[in-house]
């Protein structure tokens, strides 16, 4: 019997991932203080997905600087204390049979918000309560009622240079922390998306204006991150393929940016969408798979797809029909950390070939 494509390995540069069921980055807001250091929650959280059989686990949006955090409760890689804490997590994932990447990001003008939990509602955290003044391509606030009246500092040349260097140094720390791959967060209305989208970047200097100016920052970040990590380590980029608005960023724009990402050393495009403006989104199971398929076919770069992928049958179909090389399972994974093992069973993978960890058999009946 031929193994389902979902459970065949995928090699990117020097890393072979055991299957195509991957965990996308999902903010946990679980840092107990404002120091960006992961703790017990992160160790157990990511370790459970390794035991559950996921191929590549992509850790949550991890800030490259304190002001780059989405909230005061985000993880970071802006200092060496964070390296040691992350090393505890990556060592555990490796011991449990998984591989792990980190998503490096900068929230830009969507920074300094509360936890997106019931009771918090993502409200802005003012400086007097531990927040800070966000930065962006201009001084315009992010789209959303919670941002109305929030001061935003437009990045000048020195500020942009610092952002680029922060990504570089965070990537170097990610290597020291034991991550197997790095993902650049250039989606969902955060800083790099704010620069490439015409909805938010109305600059008229060399970092804005036309397409080349607007994509300059994400490409510069990709180049410096590629240079900061080993040649055999994969580099991923998450991209909002469309703003879902006629006057915004289009799929055709993403195809061209993805080509340029590949030239800059990006090995896989993690295709998502939206997040930079209010827009109707046709949400449905696998609603972003067509976006990943177009990037894969037209830009010639491997892709991952994400978005309401609930069933093993759907996940296998997406890989089988060429929509993507890997499938990101998010909310379904939060409900069932053993999702890959269940999917393997449903797709007829023999027990001996399923992504079990040997410790699971120690408690078997004798």
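In our numbering, the protein residues as written are 20 to 385.
The C-beta atom is built at its ideal place from N, Cα and C for all residues, glycine as well.
Counting the other Cβ atoms within 10 Å of the Cβ of residue 271 gives fewer than 16, which makes it exposed.
Residue 123 is classed as buried because its beta carbon has at least 16 other beta carbons within 10 Å across all chains shown.
Relative to the Cα of residue 307, the nearest Cα in the group 298, 323, 317, 367 belongs to 323.
Counting the other CB atoms within 10 Å of its CB gives residue 69 a total of 16 or more, which places it among the buried residues. In this structure, the alpha-carbon of residue 373 lies about 13 Å from that of residue 39. About 6 Å separates the beta carbon of residue 221 from that of residue 157, a gap short enough to meet the 8 Å contact definition. For residue 278, same chain residues with a beta-carbon under 8 Å away, outside a window of 5 residues either side, are 318, 319, 320 in chain order. Taken in chain order, the complete alpha helix (DSSP H) segments of 4 or more residues contained in the segment 267-347 are 270-282, 308-318, 331-339. If you check the CB distance, residue 23 and residue 325 do not come in under 9 Å.
One thing to note: residue 243 has its Cβ within 9 Å of the Cβ of residue 187. Going by beta carbons, residue 64 and residue 82 fall outside the 9 Å limit. Straight across, the Cα-Cα distance linking residue 152 with residue 131 is about 7 Å. Among the bridge pairs identified by DSSP, residue 125 is matched with none. Residue burial is scored here from C-beta neighbours: residue 257 has at least 16 other C-beta atoms within 10 angstroms and is therefore classed as buried. Uninterrupted beta strand (DSSP E) stretches at least 3 residues long and entirely within the segment 172-236 occur at 200-205, given in chain order. For residue 63, the uninterrupted alpha helix (DSSP H) segment begins and ends at 59-70. Excluding five sequence positions before and after residue 67, the CB atoms of its chain that fall closer than 7 Å to its own CB belong to 356, given in chain order. When DSSP states are grouped into helix, strand and coil, residue 108 belongs to the helix group. CA-to-CA, the gap between residue 315 and residue 207 works out to about 20 Å. Ranked by Cα distance from residue 21, the options 369, 376, 375 are led by 369.
A Cβ-Cβ contact shorter than 9 Å links residue 351 with residue 328. A direct Cα-to-Cα measurement between residue 196 and residue 92 gives close to 20 Å. Here DSSP, grouped into helix, strand and coil, assigns residue 102 to helix.
Selection 214, 37, 62, 32 evaluated against residue 103 yields 62 as nearest (Cα-Cα). Between residue 155 and residue 174 a beta carbon distance of about 7 Å is seen, short of the 8 Å cut, so the two are scored as contacting.
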